[in-house]
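Asks:
In full-length UniProt numbering, the protein residues as written are 1 to 284.
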């Protein structure tokens, strides 16, 4: 039977600790029809229908959409029950540290979760669409490299006086923004420096800091990016060793060489803000 939202424990986001996981066994903590969600959580998936179900587990390898990165998709299978499967269409962060897996069952038109083996307490296997995750990780890491290339060039170029603002790492619409003017003549130099970081195969390391430790560190604090801490109050840091580190909750490649060739598509300027658009090799 379904649990009430207030009684559902938070979901541990395993992808923030072990980004290489593509399968994981977890326990169901809540399962309910989309229609039973609170209105604020229905808004997280506006395309939800009467057939949509929402699963929650005690931990998850599915990336929840946010931070400029799309969510993971894949499926969740009931252990010991062949053919019992839940297709994950969208993953979003709910209240109180919960992760909501939106989707539908494929083995039956019957919406009884008990008959499908997805009762609260049941053990299930989570399986990611690995190709999608790998692409998103490459694009996200590339966004950091493009931003770090701009900052590296600004150290020796008087014209480039900019401040990190925000970024988006969606396929076909990937960009990083800066407060300040970046002339289009720097396009090739930014691209060359970003690809130099790729060529160097810089390790990508994760570590955690308390919020008050950020200002005394070498972590780059982007103006447009909120500093989000986990349930334990710690901030996740992604360090591309030798290039720079950012607070970040997204997924990344293990080293910069796995990003592949980066192409800077263009630089647009408006009202003192410069948007640098990019894509990675094999993206299209």
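Idealized CB from N, CA, C, for every residue including glycine.
Excluding the 5 residues preceding and the 5 following residue 161 in the sequence, name in chain order all residues of the same chain whose CB lies nearer than 8 Å to its CB.
Replies: As a working note, residue 161 is residue 161 in the chain shown. Closer than 8 Å at Cβ, skipping near neighbours: 154, 180.
Asks: Reducing DSSP to helix, strand and coil, say where residue 263 ends up.
Replies: Counting from one through the chain shown, the residue named residue 263 turns up at place 263. Three-state DSSP puts residue 263 in a strand.
Asks: Would you call the CB atoms of residue 54 and residue 14 closer than 8 Å?
Replies: For this step, residue 54 is matched to residue 54 along the chain shown. For this step, residue 14 is matched to residue 14 along the chain shown. No. Outside cutoff.
Asks: Within 10 Å of its beta-carbon, does residue 38 have 16 or more other beta-carbons around it, so buried, or fewer, so exposed?
Replies: As a position in the chain shown, residue 38 is number 38, starting the count at 1. It is exposed - the Cβ of residue 38 has fewer than 16 other Cβ atoms within 10 Å.
Asks: Output needed for residue 157: all residues of its chain with C-beta closer than 8 Å, excluding positions within five of it in sequence on either side, in chain order.
Replies: Numbered from its first residue, the chain shown carries residue 157 at position 157. These residues qualify, in order along the chain: 186.
Asks: Could you give the first and the last residue of the continuous alpha helix (DSSP H) run that contains residue 279?
Replies: The count along the chain shown starts at 1 and reaches residue 279 at position 279. Taken as a continuous stretch (DSSP letters only), residue 279 belongs to no alpha helix (DSSP H), being part of the beta strand (DSSP E) at 273-280.
Asks: Could you have a look at residue 209 and say whether DSSP puts it in helix, strand or coil?
Replies: Locating residue 209 in the chain shown gives position 209, counting from the first residue. Residue 209 falls in the strand class under three-state DSSP.
Asks: Take every Cβ of the region 134-144, pair it with every Cβ of the region 248-266, and state whether three or more of those distances are shorter than 8 Å.
Replies: Touching, yes, given that three or more Cβ pairs across the two stretches are closer than 8 Å.
Asks: I need the DSSP call for residue 3, collapsed to helix, strand or coil.
Replies: The residue given as residue 3 occupies position 3 in the chain shown. For residue 3, the pLDDT reaches just 47, beneath the cut-off of 50, and the residue's location in the model is therefore unreliable, although a value from the coordinates is still provided. Note: residue 3 maps to coil in three-state DSSP.
Asks: Between which two residues does the alpha helix (DSSP H) containing residue 144 stretch?
Replies: The residue given as residue 144 occupies position 144 in the chain shown. Residues 130-154.
Asks: Taking 8 Å as the cut-off, decide whether the C-beta atoms of residue 124 and residue 190 are in contact.
Replies: Against the chain shown, residue 124 aligns to sequence position 124. Against the chain shown, residue 190 aligns to sequence position 190. In this structure, residue 190 does not lie closer than 8 Å to residue 124 by Cβ.
Asks: I need the boundaries of the beta strand (DSSP E) containing residue 179, first residue and last residue.
Replies: As a working note, residue 179 is residue 179 in the chain shown. Its beta strand (DSSP E) spans residues 175-179.
Asks: Out of 274, 104, 59, which has the shortest C-alpha to C-alpha gap to residue 48?
Replies: Numbered from its first residue, the chain shown carries residue 48 at position 48. Nearest C-alpha to residue 48: 104.
Asks: Residue 93 by DSSP, collapsed to three states: which one?
Replies: Taking the chain shown and counting its residues from 1, the one referred to as residue 93 is at position 93. Strand, per DSSP.
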